[in-house]
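Visitor:
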Amino acid sequence: MKLKLIVALVSNDKTDTVVDAARTGGATGATIITSVRGEGLKPQKTFFGLDLAAQRDVVLFLVVETRARDILERIRDAGRFEQEPGAGIAFQIPIEDAV
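According to the numbering used here, numbering within the sequence shown proceeds without interruption in unit steps and concludes at 99.
(1) Taking the CB atoms as reference points, tell me whether LEU5 and ALA30 lie closer together than 8 Å.
(2) Quick one: what's got a C-beta closer than 8 Å to THR24's C-beta in the same chain, skipping five residues either side?
(3) If you follow the alpha helix (DSSP H) that GLY79 is part of, which residue opens it and which one closes it?
(4) Which residue from PHE91, ALA98, GLU96, ALA87 puts its Cα closest to that of SER11?
(5) If you draw a straight line from the alpha carbon of THR66 to that of ILE95, how long is it in whole angstroms?
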């Protein structure tokens, strides 16, 4: 069975929505890494040196290759990645082997 790893970086208020969307596409589970930080194309402004960036989560989905593209598109739509700049990003990586 060929597998793909889908990695989604989303604001923590959209994590549950993204996971639910992936499940409707056929994902059977997710690993969530909370409170990560990063910087996109447009850095967030600071207030007296305090970081105003929203909390982000990394959500990992290991899925069968045949469902990967549909799940990726569902994640994109649920997270509103194309409608809201900085809303998040998702990508897939081929998995050579898993045990």
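The beta carbon of each residue, even a glycine, is placed where N, CA and C say it ideally should be.
Guide: Concretely, from the data shown:
(1) In this structure, ALA30 does not lie closer than 8 Å to LEU5 by Cβ.
(2) Contacts found: ARG74.
(3) Looking at the DSSP string, the run of the alpha helix (DSSP H) that includes GLY79 is 65-79.
(4) Closest option to SER11, Cα to Cα, is ALA87.
(5) So the alpha carbons of these two residues sit roughly 13 Å apart.
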